[in-house]
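In this note's numbering, the protein residues as written are 734 to 1050.
Please read the structure below before turning to the comments.
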Ligand code: ADP
Ligand code: MG
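So, in structure tokens, the structure goes:
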């Protein structure tokens, strides 16, 4: 048996299916990101994993012990499993230090003090210890919430879109800090998000959830290069259907622009993006529109271009 396992869990709300026969196995200390659109069942799954929601079928085990849901446990939830949301749930009238110490009230005083110091250090919060939550940025408040959750040394940390209220710069900064923190602590972490980019930054291990079902599991490279469905392929970039070929697709970055070649088109539109110009190209035969990267920023609207590619880059979907 794996360290953490979710076995054939299903859950409906009235007639709406949120999770369908979902299974997952995790090793101790591993990180997994679960990526799914809004409504795909991510929060339902995490609440069931944490023993906070009653499933219709299936079981969850942590280290050989069955996680009991609120129907079977008087006080729902477990100290070993901590769930973190986008809202921080900090005590507004307590300082950073007091917030982190709060879950440790029943613990030995000396241990609690030492643990709080350790977490303040690990999360770079020492200089903010005497501040109140309202005196911190969103990213700093989320760090305090994470430190608070980690104070009781949970076995499993579940993060439910924890960056949704932060801006991109704050999110990237926090992700890189959390990545090293989790590696250092060896905590098992499941992160759910609708944002593939955030998932790729935090982990290399991904599960794609669609309508309460797993559609693909693998590392980032496998999922990007060998997606099993158009849905997974499109999470990474738009895809272009090759004319007169069956279900054969190319990514914008895999199309080469040449001044001579077979497939001809005209540049309809050009967008200046950070690493390349993104071109919309109307193909001559058939008139379909492709999206193609122009890394050298060579082409202008109206230009005639020829498109080519390596056959190994073609995705059959
Ligand atoms: P996600 O977190 O991926 O957005 P959720 O787990 O919140 O997905 O929701 C999955 C599905 O279950 C959605 O269709 C949602 O509308 C429905 N749902 C979630 N919670 C409830 C609830 N408490 N009552 C009724 N329907 C719910
Ligand atoms: Mg959700």
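Where a beta carbon is used, it is the ideal one built from N, C-alpha and C, also for glycine.
Pairwise C-alpha distance: residue 769 and residue 893 = Residue 769 has its alpha-carbon roughly 12 Å from the corresponding atom of residue 893.
Tell me whether residue 811 counts as near the ligand ADP, meaning its Cβ is closer than 7 Å to at least one heavy atom of that ligand.
-> no
Sequence-ordered residues whose beta carbon comes within less than 6 Å of a heavy atom of the ligand ADP = The filter returns 746, 749, 751, 769, 771, 772, 773, 774, 775, 776, 777, in chain order.
Residues in its own chain within less than 8 Å of residue 869 by CB, not counting five upstream and five downstream?
-> 829, 861, 877
With distances taken between CB atoms, is the gap from residue 952 to residue 763 smaller than 8 Å?
-> Contact flag unset, no.
Could you give the residue range of the beta strand (DSSP E) that holds residue 958?
-> From DSSP, residue 958 is part of no beta strand (DSSP E) but of the alpha helix (DSSP H) over 953–958.
Taking only heavy atoms of the ligand MG into account, decide whether any of them is closer than 7 Å to the Cβ of residue 1027.
-> No, Cβ of residue 1027 sits at least 7 Å from all heavy atoms of the ligand MG.
Hey, residue 940 and residue 737 are a contact pair by Cβ (cut 8 Å); roughly how many whole angstroms apart?
-> Going by Cβ atoms, the distance from residue 940 to residue 737 rounds to 13 Å, so no, they are not a contact pair.
Leaving out five residues on either side along the sequence, give the residues of the same chain with a beta carbon under 6 Å from the beta carbon of residue 957.
-> Correct list, in chain order: 969.
Apart from the five residues on each side of it in sequence, which residues of its chain come closer than 6 Å, Cβ to Cβ, to residue 741?
-> The residues are 754, 756, 791.
When you compare each of 856, 1043, 886, 947 to residue 778 by their alpha carbons, which one comes out closest?
-> Of the candidates 856, 1043, 886, 947, the residue whose Cα lies closest to the Cα of residue 778 is 947.
Per-residue burial, residue 979 [other beta carbons within 10 Å of its own, 16 or more giving buried] = exposed
For residue 809 versus residue 943, is the C-beta distance shorter than 8 Å?
-> Contact flag unset, no.
Take the Cβ of residue 766 as the centre, count every other Cβ of all protein chains shown within 10 Å, and call the residue buried at 16 or more, exposed below.
-> buried
Cβ-heavy atom distance between residue 894 and the ligand MG below 7 Å?
-> yes
Quick one: Cα of residue 798 to Cα of residue 933, how far?
-> 31 Å
Closest by CA to residue 802, which one among 782, 836, 1015, 1044?
-> 782
Please report the Cβ distance between residue 931 and residue 896, rounded to the nearest whole angstrom; I am assuming they are in contact, meaning their Cβ atoms lie under 8 Å.
-> Contact flag correct, Cβ pair sits at about 6 Å.
Compare the Cα-Cα distances from residue 949 to each of 964, 935, 936 and report the closest residue.
-> Of the candidates 964, 935, 936, the one whose C-alpha sits nearest the C-alpha of residue 949 is 964.
The segment 1013–1021 / the segment 992–1004 touching (three or more Cβ pairs under 8 Å) = yes
Closest by C-alpha distance to residue 746, when choosing among 850, 784, 945 | 945
Between the Cα of residue 1027 and those of 1020, 1040, 1021, spot the shortest distance and give me the residue it belongs to.
-> Minimum Cα distance to residue 1027 is reached at 1040.
Mind listing, in chain order, the continuous beta strand (DSSP E) runs of no fewer than 3 residues lying wholly within the segment 759–847?
-> 764–769, 790–795, 814–817
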